[in-house]
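Below is one structure; the comments refer to it alone.
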Amino acid sequence: MVAGVFHPSLLPWFFIFSTSLAWLPPPPGGSFHERTRRRQHVDGASASAASESTLQIRPPVAHRDELSYVLAGDVSAPSSSSSSQSFDSNALAPLPIPMFLRQSPSSPHPLLSPPRRIPNPYGWMRDDTRTNTTILNHLHAENEYSRRMTAHLDGLREQLYQEFLASIQETDYTTPALKTTSDGKGYWYYTRLEEGEGYPRYCRAPQQQQDQLLPPPVNADWDTKTINTNNETVYSSIFTNEEVYLDVPSLARNKTYLAMGAIAVSPNQKYVAYSLDVKGGETCQLYVKHIESGKVWALYNHQKKDGHAVGNELLECDGSIVWNDESDAVFYLTMDDKHRPNKLYRRQIFDSHGHWIDKEGSRMEEEDDLLLEEKDELFNLRISKSFDGKFLLATCSSKESSEVHYLDLQSTTKDRQGIPSARELVCIAK
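Just so you know, we're using numbering that gives the first Met the number 0 here: the sequence shown kicks off at 0 and counts up by one.
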(Lines of atoms letter the chains of each structure in order from A; the text may use other names.)
(Lines give C-alpha, C1' and ligand atoms only; values in the text may rest on other atoms or scores of the structure.)
Protein backbone atom coordinates (compact mmCIF):
# COMPACT_ATOMS: atom_id res chain seq x y z
CA MET A 0 0.00 0.00 0.00
CA VAL A 1 2.76 2.44 0.94
CA ALA A 2 4.71 1.68 -2.26
CA GLY A 3 1.71 2.60 -4.36
CA VAL A 4 1.13 6.01 -2.73
CA PHE A 5 2.35 9.10 -4.65
CA HIS A 6 2.29 12.25 -2.52
CA PRO A 7 1.53 15.53 -4.37
CA SER A 8 4.56 17.21 -2.79
CA LEU A 9 6.83 14.89 -4.82
CA LEU A 10 5.38 16.08 -8.18
CA PRO A 11 8.00 18.82 -8.91
CA TRP A 12 10.88 16.43 -8.19
CA PHE A 13 9.32 13.77 -10.40
CA PHE A 14 8.94 16.28 -13.28
CA ILE A 15 12.59 17.37 -13.07
CA PHE A 16 13.80 13.76 -12.96
CA SER A 17 11.65 12.67 -15.92
CA THR A 18 12.62 15.73 -17.99
CA SER A 19 16.31 15.14 -17.42
CA LEU A 20 15.89 11.54 -18.54
CA ALA A 21 14.09 12.66 -21.72
CA TRP A 22 16.94 15.01 -22.72
CA LEU A 23 19.81 12.59 -22.03
CA PRO A 24 21.98 12.23 -25.18
CA PRO A 25 22.00 8.84 -26.87
CA PRO A 26 24.94 6.58 -26.11
CA PRO A 27 28.01 6.91 -28.34
CA GLY A 28 28.10 4.65 -31.34
CA GLY A 29 24.31 4.60 -31.74
CA SER A 30 22.34 5.20 -34.90
CA PHE A 31 21.92 8.90 -34.06
CA HIS A 32 25.67 9.51 -34.02
CA GLU A 33 26.11 7.46 -37.16
CA ARG A 34 23.54 9.52 -39.08
CA THR A 35 24.99 12.79 -37.81
CA ARG A 36 28.54 11.78 -38.72
CA ARG A 37 27.45 10.68 -42.20
CA ARG A 38 25.53 13.92 -42.80
CA GLN A 39 28.46 16.08 -41.71
CA HIS A 40 30.74 14.11 -43.99
CA VAL A 41 28.49 14.63 -47.04
CA ASP A 42 27.91 18.33 -46.34
CA GLY A 43 31.59 18.91 -45.74
CA ALA A 44 32.54 17.11 -48.94
CA SER A 45 30.12 19.15 -51.08
CA ALA A 46 31.20 22.40 -49.46
CA SER A 47 34.88 21.62 -49.96
CA ALA A 48 34.28 20.69 -53.60
CA ALA A 49 32.44 23.96 -54.23
CA SER A 50 35.16 25.95 -52.47
CA GLU A 51 37.91 24.20 -54.45
CA SER A 52 36.14 25.01 -57.73
CA THR A 53 35.88 28.71 -56.83
CA LEU A 54 39.32 29.20 -55.27
CA GLN A 55 40.88 29.79 -58.69
CA ILE A 56 38.26 32.41 -59.65
CA ARG A 57 39.23 35.96 -58.80
CA PRO A 58 36.84 38.90 -59.03
CA PRO A 59 37.71 41.77 -61.38
CA VAL A 60 39.19 44.77 -59.61
CA ALA A 61 38.07 48.24 -60.64
CA HIS A 62 40.75 50.89 -60.96
CA ARG A 63 40.76 53.61 -58.30
CA ASP A 64 41.52 57.09 -59.59
CA GLU A 65 42.94 58.74 -56.49
CA LEU A 66 43.25 62.09 -58.26
CA SER A 67 39.55 62.31 -59.08
CA TYR A 68 37.27 64.42 -56.92
CA VAL A 69 34.11 66.53 -56.95
CA LEU A 70 33.53 69.99 -55.53
CA ALA A 71 30.68 70.65 -53.09
CA GLY A 72 29.79 74.22 -52.20
CA ASP A 73 30.12 77.57 -53.91
CA VAL A 74 31.51 76.61 -57.30
CA SER A 75 31.31 80.09 -58.82
CA ALA A 76 34.44 81.49 -60.41
CA PRO A 77 36.94 82.76 -57.75
CA SER A 78 37.62 86.47 -57.59
CA SER A 79 40.92 86.48 -55.68
CA SER A 80 44.15 84.52 -55.67
CA SER A 81 43.53 83.13 -52.20
CA SER A 82 40.15 81.78 -53.13
CA SER A 83 41.64 80.42 -56.33
CA GLN A 84 44.10 78.35 -54.35
CA SER A 85 41.30 77.00 -52.19
CA PHE A 86 39.08 76.43 -55.19
CA ASP A 87 41.43 74.02 -56.98
CA SER A 88 44.82 73.03 -55.62
CA ASN A 89 45.10 69.89 -57.73
CA ALA A 90 46.64 70.81 -61.06
CA LEU A 91 46.91 67.18 -62.15
CA ALA A 92 43.20 66.59 -62.65
CA PRO A 93 42.97 65.38 -66.28
CA LEU A 94 39.19 65.70 -66.65
CA PRO A 95 36.65 68.49 -66.03
CA ILE A 96 35.76 68.61 -62.34
CA PRO A 97 32.17 67.56 -61.52
CA MET A 98 30.30 69.89 -59.19
CA PHE A 99 27.54 69.38 -56.63
CA LEU A 100 24.82 71.96 -57.05
CA ARG A 101 22.46 73.01 -54.31
CA GLN A 102 19.87 70.30 -53.69
CA SER A 103 17.07 72.75 -52.84
CA PRO A 104 16.89 76.15 -54.61
CA SER A 105 14.88 77.59 -51.70
CA SER A 106 17.42 76.63 -49.02
CA PRO A 107 18.37 79.66 -46.84
CA HIS A 108 21.73 78.20 -45.82
CA PRO A 109 24.83 79.58 -47.53
CA LEU A 110 26.99 77.36 -49.67
CA LEU A 111 30.40 76.21 -48.50
CA SER A 112 32.98 78.80 -49.49
CA PRO A 113 35.54 77.79 -50.49
CA PRO A 114 33.95 74.58 -51.78
CA ARG A 115 34.93 71.28 -50.25
CA ARG A 116 36.76 68.70 -52.29
CA ILE A 117 35.36 65.15 -51.97
CA PRO A 118 37.31 62.15 -53.28
CA ASN A 119 35.62 60.38 -56.17
CA PRO A 120 37.90 57.43 -57.08
CA TYR A 121 35.22 55.58 -59.05
CA GLY A 122 33.78 58.59 -60.85
CA TRP A 123 35.35 57.39 -64.09
CA MET A 124 32.78 54.58 -64.19
CA ARG A 125 29.95 56.98 -64.97
CA ASP A 126 29.20 57.13 -68.67
CA ASP A 127 25.78 58.42 -69.68
CA THR A 128 26.41 57.45 -73.30
CA ARG A 129 27.04 53.81 -72.25
CA THR A 130 29.68 53.43 -74.97
CA ASN A 131 32.94 53.52 -72.98
CA THR A 132 34.71 50.25 -73.79
CA THR A 133 36.71 50.23 -70.54
CA ILE A 134 33.56 50.42 -68.44
CA LEU A 135 31.72 47.90 -70.61
CA ASN A 136 34.62 45.44 -70.40
CA HIS A 137 34.64 45.71 -66.62
CA LEU A 138 30.88 45.08 -66.47
CA HIS A 139 31.27 42.06 -68.74
CA ALA A 140 34.02 40.76 -66.46
CA GLU A 141 31.74 41.22 -63.43
CA ASN A 142 28.99 39.25 -65.16
CA GLU A 143 31.41 36.49 -66.11
CA TYR A 144 32.69 36.31 -62.53
CA SER A 145 29.14 36.02 -61.22
CA ARG A 146 28.35 33.30 -63.76
CA ARG A 147 31.40 31.22 -62.84
CA MET A 148 30.82 31.59 -59.10
CA THR A 149 27.26 30.29 -59.46
CA ALA A 150 27.96 27.66 -62.14
CA HIS A 151 27.45 24.85 -59.63
CA LEU A 152 23.81 25.97 -59.31
CA ASP A 153 23.00 25.56 -63.01
CA GLY A 154 21.37 22.18 -62.49
CA LEU A 155 19.21 23.45 -59.63
CA ARG A 156 18.30 26.54 -61.62
CA GLU A 157 17.12 24.45 -64.57
CA GLN A 158 15.22 22.11 -62.26
CA LEU A 159 13.36 25.00 -60.62
CA TYR A 160 12.60 26.52 -64.01
CA GLN A 161 11.10 23.29 -65.31
CA GLU A 162 9.01 22.90 -62.14
CA PHE A 163 7.63 26.43 -62.49
CA LEU A 164 7.01 25.92 -66.21
CA ALA A 165 5.10 22.69 -65.56
CA SER A 166 2.60 24.56 -63.41
CA ILE A 167 1.80 27.10 -66.15
CA GLN A 168 -0.62 26.58 -69.01
CA GLU A 169 1.50 28.08 -71.78
CA THR A 170 -1.11 27.90 -74.54
CA ASP A 171 -3.97 30.04 -73.29
CA TYR A 172 -5.99 33.19 -73.99
CA THR A 173 -7.51 35.98 -71.95
CA THR A 174 -11.21 36.66 -71.48
CA PRO A 175 -12.52 38.58 -74.54
CA ALA A 176 -13.66 42.17 -73.98
CA LEU A 177 -16.16 43.89 -76.27
CA LYS A 178 -15.35 47.29 -77.73
CA THR A 179 -17.76 49.12 -80.04
CA THR A 180 -17.56 52.27 -82.15
CA SER A 181 -20.07 55.10 -82.37
CA ASP A 182 -21.74 53.45 -85.38
CA GLY A 183 -22.34 50.23 -83.42
CA LYS A 184 -19.59 48.11 -84.99
CA GLY A 185 -17.86 46.00 -82.37
CA TYR A 186 -14.94 43.63 -81.87
CA TRP A 187 -14.03 41.14 -79.19
CA TYR A 188 -10.47 41.88 -78.05
CA TYR A 189 -8.28 39.31 -76.32
CA THR A 190 -4.67 38.16 -75.98
CA ARG A 191 -3.24 34.82 -77.08
CA LEU A 192 -0.40 33.06 -75.26
CA GLU A 193 1.30 30.21 -77.10
CA GLU A 194 3.75 27.55 -75.97
CA GLY A 195 7.35 28.43 -76.68
CA GLU A 196 6.67 32.11 -77.34
CA GLY A 197 8.05 34.75 -75.00
CA TYR A 198 5.56 37.42 -76.09
CA PRO A 199 1.76 37.44 -76.56
CA ARG A 200 -0.26 38.05 -79.70
CA TYR A 201 -3.05 40.63 -79.56
CA CYS A 202 -6.15 39.48 -81.41
CA ARG A 203 -9.74 40.46 -82.07
CA ALA A 204 -12.84 38.90 -83.60
CA PRO A 205 -15.83 40.80 -85.05
CA GLN A 206 -19.08 40.96 -83.15
CA GLN A 207 -21.58 38.79 -85.00
CA GLN A 208 -24.65 40.74 -83.91
CA GLN A 209 -24.91 44.21 -82.40
CA ASP A 210 -27.03 42.96 -79.51
CA GLN A 211 -24.61 40.13 -78.76
CA LEU A 212 -23.26 40.68 -75.24
CA LEU A 213 -21.51 37.33 -74.85
CA PRO A 214 -18.40 36.18 -76.75
CA PRO A 215 -18.94 33.85 -79.71
CA PRO A 216 -18.41 30.11 -79.23
CA VAL A 217 -14.81 28.94 -79.01
CA ASN A 218 -13.52 26.73 -81.80
CA ALA A 219 -12.92 23.18 -80.59
CA ASP A 220 -9.44 22.91 -82.13
CA TRP A 221 -8.16 26.33 -81.05
CA ASP A 222 -5.11 24.84 -79.27
CA THR A 223 -3.94 22.66 -82.19
CA LYS A 224 -1.24 23.65 -84.67
CA THR A 225 -1.82 24.08 -88.41
CA ILE A 226 0.18 25.22 -91.46
CA ASN A 227 -0.78 28.64 -92.85
CA THR A 228 -0.40 30.00 -96.38
CA ASN A 229 3.18 31.10 -95.66
CA ASN A 230 4.13 27.52 -94.71
CA GLU A 231 4.42 28.52 -91.06
CA THR A 232 3.25 26.49 -88.08
CA VAL A 233 0.56 28.43 -86.24
CA TYR A 234 -2.26 27.69 -83.84
CA SER A 235 -5.85 27.51 -85.03
CA SER A 236 -8.07 30.51 -84.46
CA ILE A 237 -10.00 30.76 -81.21
CA PHE A 238 -13.01 32.54 -82.71
CA THR A 239 -14.37 32.78 -86.24
CA ASN A 240 -12.70 35.48 -88.37
CA GLU A 241 -9.92 35.96 -85.82
CA GLU A 242 -7.56 38.82 -86.64
CA VAL A 243 -4.09 39.36 -85.14
CA TYR A 244 -3.75 43.13 -84.99
CA LEU A 245 -0.38 43.15 -83.18
CA ASP A 246 2.05 40.24 -83.47
CA VAL A 247 4.64 40.91 -80.76
CA PRO A 248 6.71 37.73 -81.41
CA SER A 249 7.28 38.97 -84.96
CA LEU A 250 8.36 42.38 -83.62
CA ALA A 251 10.82 40.70 -81.25
CA ARG A 252 12.38 38.56 -83.95
CA ASN A 253 16.04 39.41 -84.67
CA LYS A 254 16.18 41.76 -81.67
CA THR A 255 18.39 41.26 -78.64
CA TYR A 256 15.88 43.01 -76.37
CA LEU A 257 12.24 44.06 -76.58
CA ALA A 258 9.80 45.30 -73.96
CA MET A 259 6.26 46.44 -74.72
CA GLY A 260 5.12 49.76 -73.35
CA ALA A 261 1.49 50.69 -74.01
CA ILE A 262 -0.98 49.34 -76.58
CA ALA A 263 -3.99 51.47 -77.52
CA VAL A 264 -6.60 50.81 -80.22
CA SER A 265 -8.06 53.96 -81.77
CA PRO A 266 -11.72 54.82 -81.09
CA ASN A 267 -12.64 54.09 -84.73
CA GLN A 268 -10.83 50.71 -84.35
CA LYS A 269 -8.83 51.25 -87.54
CA TYR A 270 -5.44 51.82 -85.93
CA VAL A 271 -3.39 50.54 -83.02
CA ALA A 272 -0.73 52.68 -81.35
CA TYR A 273 2.00 50.98 -79.38
CA SER A 274 5.37 51.76 -77.80
CA LEU A 275 8.54 49.65 -77.76
CA ASP A 276 11.70 49.67 -75.69
CA VAL A 277 14.42 48.01 -77.78
CA LYS A 278 17.47 49.02 -75.71
CA GLY A 279 16.49 48.24 -72.12
CA GLY A 280 16.84 51.86 -71.00
CA GLU A 281 13.12 52.20 -70.18
CA THR A 282 12.78 54.74 -72.99
CA CYS A 283 10.18 53.89 -75.63
CA GLN A 284 9.52 54.74 -79.24
CA LEU A 285 5.98 55.21 -80.57
CA TYR A 286 4.43 53.51 -83.59
CA VAL A 287 1.01 53.51 -85.24
CA LYS A 288 -0.27 50.59 -87.34
CA HIS A 289 -3.17 50.47 -89.76
CA ILE A 290 -4.82 47.20 -88.76
CA GLU A 291 -6.42 46.31 -92.09
CA SER A 292 -3.40 46.95 -94.35
CA GLY A 293 -0.67 46.26 -91.79
CA LYS A 294 1.19 49.48 -92.63
CA VAL A 295 3.25 50.87 -89.75
CA TRP A 296 4.36 54.47 -89.13
CA ALA A 297 6.90 55.72 -86.59
CA LEU A 298 6.61 58.99 -84.71
CA TYR A 299 9.57 61.35 -85.11
CA ASN A 300 10.91 64.07 -82.90
CA HIS A 301 9.47 67.51 -83.67
CA GLN A 302 11.25 69.40 -80.89
CA LYS A 303 13.37 72.12 -82.43
CA LYS A 304 17.14 72.37 -82.06
CA ASP A 305 18.78 75.69 -82.93
CA GLY A 306 15.42 76.91 -84.16
CA HIS A 307 14.81 73.98 -86.49
CA ALA A 308 13.02 70.67 -86.08
CA VAL A 309 15.24 67.64 -86.42
CA GLY A 310 12.73 65.45 -88.24
CA ASN A 311 14.91 62.35 -88.66
CA GLU A 312 15.14 61.22 -85.02
CA LEU A 313 12.60 58.84 -83.54
CA LEU A 314 10.51 60.30 -80.75
CA GLU A 315 11.55 59.00 -77.33
CA CYS A 316 9.06 58.98 -74.47
CA ASP A 317 8.02 57.03 -71.39
CA GLY A 318 5.75 54.70 -73.38
CA SER A 319 2.31 56.06 -72.47
CA ILE A 320 -0.05 56.81 -75.33
CA VAL A 321 -3.72 57.88 -75.52
CA TRP A 322 -5.88 58.56 -78.57
CA ASN A 323 -8.11 61.58 -79.02
CA ASP A 324 -11.80 61.12 -79.80
CA GLU A 325 -11.39 61.61 -83.57
CA SER A 326 -8.60 59.01 -83.95
CA ASP A 327 -6.35 61.54 -85.68
CA ALA A 328 -4.10 62.64 -82.79
CA VAL A 329 -2.32 61.07 -79.83
CA PHE A 330 -1.23 62.25 -76.39
CA TYR A 331 2.13 61.15 -75.00
CA LEU A 332 4.64 61.94 -72.23
CA THR A 333 8.29 62.90 -72.46
CA MET A 334 10.91 62.66 -69.72
CA ASP A 335 13.57 64.96 -68.33
CA ASP A 336 17.27 64.18 -67.97
CA LYS A 337 16.52 62.27 -64.75
CA HIS A 338 14.14 59.91 -66.54
CA ARG A 339 11.08 61.48 -64.90
CA PRO A 340 7.87 61.81 -66.98
CA ASN A 341 7.17 65.53 -66.77
CA LYS A 342 5.58 66.86 -69.99
CA LEU A 343 2.27 66.04 -71.67
CA TYR A 344 2.13 66.64 -75.42
CA ARG A 345 -0.48 66.28 -78.14
CA ARG A 346 0.46 65.40 -81.72
CA GLN A 347 -1.66 65.55 -84.85
CA ILE A 348 -0.75 62.48 -86.93
CA PHE A 349 -3.53 62.40 -89.59
CA ASP A 350 -4.96 65.24 -91.65
CA SER A 351 -8.65 65.84 -92.33
CA HIS A 352 -8.55 63.30 -95.17
CA GLY A 353 -7.01 60.56 -93.05
CA HIS A 354 -3.53 60.86 -94.56
CA TRP A 355 -0.46 60.33 -92.38
CA ILE A 356 1.41 63.63 -91.94
CA ASP A 357 4.29 62.66 -89.61
CA LYS A 358 6.84 61.54 -92.18
CA GLU A 359 10.50 60.69 -91.73
CA GLY A 360 12.77 63.65 -92.38
CA SER A 361 9.89 66.14 -92.39
CA ARG A 362 10.49 69.43 -90.63
CA MET A 363 7.23 70.48 -89.06
CA GLU A 364 6.56 74.21 -88.91
CA GLU A 365 5.11 73.90 -85.40
CA GLU A 366 6.16 71.78 -82.46
CA ASP A 367 3.80 69.43 -80.65
CA ASP A 368 1.33 71.09 -78.32
CA LEU A 369 2.52 71.16 -74.71
CA LEU A 370 -0.59 70.73 -72.53
CA LEU A 371 0.93 70.21 -69.09
CA GLU A 372 4.38 70.35 -67.49
CA GLU A 373 5.20 69.09 -64.01
CA LYS A 374 8.20 71.10 -62.79
CA ASP A 375 8.36 69.69 -59.27
CA GLU A 376 11.01 66.95 -59.32
CA LEU A 377 9.20 65.06 -56.56
CA PHE A 378 6.20 64.41 -58.83
CA ASN A 379 5.81 62.08 -61.79
CA LEU A 380 3.27 62.56 -64.56
CA ARG A 381 1.18 59.76 -66.06
CA ILE A 382 -1.81 59.70 -68.39
CA SER A 383 -4.77 57.41 -68.93
CA LYS A 384 -8.27 57.42 -70.33
CA SER A 385 -11.53 57.18 -68.43
CA PHE A 386 -13.52 53.95 -68.77
CA ASP A 387 -16.14 55.62 -70.97
CA GLY A 388 -13.42 57.06 -73.22
CA LYS A 389 -14.65 60.64 -72.83
CA PHE A 390 -11.83 62.11 -70.77
CA LEU A 391 -8.07 62.20 -70.78
CA LEU A 392 -6.74 61.92 -67.22
CA ALA A 393 -3.34 63.37 -66.30
CA THR A 394 -2.14 62.44 -62.80
CA CYS A 395 0.77 64.15 -61.06
CA SER A 396 1.78 62.07 -58.07
CA SER A 397 4.51 61.77 -55.46
CA LYS A 398 4.92 59.41 -52.52
CA GLU A 399 2.76 61.65 -50.32
CA SER A 400 0.21 63.41 -52.52
CA SER A 401 -1.24 63.56 -56.02
CA GLU A 402 -3.44 65.68 -58.23
CA VAL A 403 -5.58 64.77 -61.23
CA HIS A 404 -6.32 66.88 -64.31
CA TYR A 405 -8.83 65.99 -66.99
CA LEU A 406 -9.47 67.00 -70.57
CA ASP A 407 -12.92 66.58 -72.11
CA LEU A 408 -12.12 64.91 -75.42
CA GLN A 409 -15.64 65.05 -76.83
CA SER A 410 -16.30 68.73 -76.12
CA THR A 411 -12.91 69.56 -77.58
CA THR A 412 -13.97 67.75 -80.74
CA LYS A 413 -17.38 69.39 -81.11
CA ASP A 414 -16.53 73.04 -80.67
CA ARG A 415 -12.84 73.03 -81.47
CA GLN A 416 -11.54 76.18 -83.06
CA GLY A 417 -8.10 74.65 -83.24
CA ILE A 418 -6.41 72.29 -80.83
CA PRO A 419 -6.69 71.67 -77.09
CA SER A 420 -4.70 74.04 -74.93
CA ALA A 421 -3.44 73.93 -71.38
CA ARG A 422 -6.43 76.08 -70.35
CA GLU A 423 -8.77 73.19 -71.16
CA LEU A 424 -7.12 70.96 -68.55
CA VAL A 425 -9.16 71.06 -65.35
CA CYS A 426 -7.73 70.06 -61.97
CA ILE A 427 -10.34 67.97 -60.13
CA ALA A 428 -8.41 66.50 -57.18
CA LYS A 429 -5.39 67.32 -55.05
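Ideal placement from N, C-alpha and C gives every residue a C-beta, glycine not left out.
Under the Cβ criterion (8 Å, minimum of three pairs), the segment 254-273 does not count as touching the segment 219-231. For a cut-off of 8 Å, the C-beta gap from T180 to P215 is around 18 Å, too long to register as a contact. Here P340 has D317, L332, M334, N379, L380 and R381 as same chain residues with Cβ atoms under 7 Å from its own Cβ, once five neighbours each way along the sequence are excluded. Its chain contains Y68, V69 and A71 as the residues whose beta carbon lies nearer than 7 Å to that of I117, once the 5 sequence neighbours on both sides are disregarded; these appear in chain order. In the three-state reduction of the DSSP assignment, T225 falls in the strand class. Spatial neighbours of A258 in its own chain (CB-CB distance under 6 Å, excluding positions within 5 residues in sequence) are listed in chain order as D276. Within 10 angstroms of the beta-carbon of W355 lie fewer than 16 other beta-carbons, which makes it exposed. Within a 10 Å sphere around the beta-carbon of F163 sit fewer than 16 other beta-carbons, which makes this residue exposed.
The segment 282-297 and the segment 229-237 do not touch, with fewer than three beta-carbon pairs separated by less than 8 Å. A distance below 8 Å between beta-carbons, with the five flanking residues on each side excluded, links G183 to the following residues of its chain, in chain order: Q209. About 6 Å separates the beta carbon of A61 from that of Y121, a gap short enough to meet the 8 Å contact definition.
Counting C-beta atoms within 10 angstroms of its own C-beta, Q206 has 16 or more neighbours from the protein chains shown and is therefore classed as buried. Each residue's CA atom was taken as its position, placing N311 and S319 some 21 Å apart.
In this chain, the alpha helix (DSSP H) harbouring E162 covers D153 to A165.
Spatial neighbours of H404 in its own chain (CB-CB distance under 6 Å, excluding positions within 5 residues in sequence) are listed in chain order as A393, L424 and C426. Taking a contact to require three or more Cβ pairs closer than 8 Å, the segment 243-250 and the segment 187-201 qualify as touching. Remark: C-beta atoms of D73 and P114 approach each other more closely than 8 Å.
Burial check for D357: the Cβ neighbour count within 10 Å reaches 16 or more, so the residue is buried. Counting along the chain, the unbroken beta strand (DSSP E) around S401 starts and ends at S401 to D407. I167 and A251 have their C-alpha atoms roughly 22 Å apart.
For the beta strand (DSSP E) assignment, the uninterrupted runs of no fewer than 3 residues enclosed by the segment 324-352 are, from N- to C-terminal side, 328-334 and 340-347. In the DSSP secondary-structure assignment, G185 is bridged to T179. According to the DSSP assignment, S249 belongs to the alpha helix (DSSP H) that extends over V247 to A251. Assignment of beta-bridge partners to I134 by DSSP yields no partner. In this structure, DSSP gives E194 a state outside helix and strand, which the three-state scheme calls coil. K178 sits close to V264, with the two beta carbons spaced by under 8 Å.
Around the C-beta of I348, 16 or more other C-beta atoms lie within 10 Å, and the residue is accordingly described as buried.
Contact between Y256 and K278 holds, since their C-beta atoms are separated by about 7 Å, short of 8 Å. By the neighbour-count definition (other C-beta atoms within 10 Å, threshold 16), P175 is a buried residue. The Cβ atoms of K389 and D407 lie closer than 8 Å to each other. If you compare the alpha carbons of N142, A165 and W123 with that of P59, the shortest gap goes to N142. Residues S397 of the same chain have their beta carbon placed closer than 7 Å to that of L377, with the five preceding and five following residues left out of the count.
Shortest Cα-Cα distance from E325 to any of D336, H338, G353 and L298 involves G353. Taking the CA atoms as reference points, E373 sits about 42 Å from E241.
Beta-bridge partners of E291 (DSSP): none assigned.
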